[in-house]
Amino acid sequence: MTAKERILQYLDYKEISQYDFSKKTGLSNGFLKAGNNITSDNLKILSTIFLDLSIEWVVTGEGDMLREPVERPYPSQGEDENPDSQVREGRPSYGKRSTEKDEIIKALQKLVTTQEDLIHSLKAQLKGTLSEDEAPR
-10 MTAKERILQY LDYKEISQYD FSKKTGLSNG FLKAGNNITS DNLKILSTIF LDLSIEWVVT
50 GEGDMLREPV ERPYPSQGED ENPDSQVREG RPSYGKRSTE KDEIIKALQK LVTTQEDLIH
110 SLKAQLKGTL SEDEAPR
């Protein structure tokens, strides 16, 4: 299952239409249909809008789809949503954003490792060092 298929599973579970998903995220209507890749920028968008969605699960398929929702550390209506500006203005940022970023980084590191393993296997297969039984599926 791809990351986009897992997003679709989440949307189905939460009864969110693809249209509403596009409207909330600002991503195109075809985002979930085109290709299998998902960028770190798109993961950041998902993590800030769908607070109960596990980004690690989206990227790797490991763990639970849902995580404990995180309270937004700053107001979202009509105010600056940049936590750095809060620090400059003397308002606390509570560190919850760094937890979300850590989760995204961890998931992306797992994805990179998986992709590196796949590249290594494919290179070996191209060189003819793998038998048909050992070839990745």
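Going by this note's numbering, the residue at position 100 of the sequence shown is 89; the numbering climbs one at a time, nothing skipped.
All C-beta atoms in this analysis are idealised placements derived from N, C-alpha and C, irrespective of residue type, glycine included.
Treat the numbers as computed from the prediction; the structure is a model and nothing was measured.
- Assigned secondary structure, Leu55 (DSSP; H/G/I helix, E/B strand, else coil): In the three-state scheme derived from DSSP, where H, G and I count as helix and E and B as strand, Leu55 is classed as strand.
- Query: Would you call Val101 buried or exposed, if buried means 16 or more other Cβ atoms sit within 10 Å of its Cβ?
  - Reply: It counts as exposed.
- Task: Could you name the residues of the same chain whose beta carbon sits closer than 8 angstroms to that of Leu32, not counting the 5 residues immediately before and after it, in chain order?
- Result: Closer than 8 angstroms at Cβ, skipping near neighbours: Ile44, Val47, Val48, Ile93, Ala96, Leu97.
- Cα-Cα separation between Arg56 and Thr103, rounded to whole angstroms: Take the alpha-carbon of Arg56 and the one of Thr103: they are about 23 angstroms apart.
- Item | Top-ranked residue by Cα proximity to Lys(-6), from Tyr8, Asp30, Asn26, Asp9 | Per the sequence shown, residue -6 should be read as Glu rather than Lys. Ranking Tyr8, Asp30, Asn26, Asp9 by Cα distance to Glu(-6) puts Asn26 first.
- State the CB to CB distance for the pair Ser36 and Glu89, rounded to an integer number of angstroms; the pair is presumed to be in contact (CB under 8 angstroms). The C-beta separation of Ser36 from Glu89 comes to about 5 angstroms, placing the pair in contact by the 8 angstroms criterion.
- Task: Grab me the residues of Ile34's own chain with a C-beta within less than 6 angstroms of its C-beta, minus the 5 sequence neighbours each way, in chain order.
- Result: Result list for Ile34: Thr14, in chain order.
- Message: Considering Cα atoms alone, identify which of Leu115, His109, Lys112, Tyr2 is closest to Met129.
- Response: In the structure as shown, the chain starts at -10 and stops at 126, and residue 129 therefore has no counterpart that could be examined.
- Task: Look at the Cβ atom of Leu21, then the Cβ atom of Leu40, and state whether they are nearer than 8 angstroms.
- Result: No.
- Query: So what does DSSP say about Leu0, is it helix, strand or coil?
  - Reply: In the three-state DSSP reduction, Leu0 falls in the helix class (H, G or I).
- Message: Using C-beta distances below 6 angstroms, list every residue in its chain close to Leu0, excluding the 5 sequence neighbours before and after it, in chain order.
- Response: Closer than 6 angstroms at Cβ, skipping near neighbours: Phe10.
- Query: When we look at the beta-carbon of Ala(-8) and count the other beta-carbons within 10 Å, is it buried (16 or more) or exposed?
  - Reply: Residue environment analysis places Ala(-8) among the buried positions, since at least 16 neighbouring C-beta atoms fall within 10 angstroms of its C-beta.
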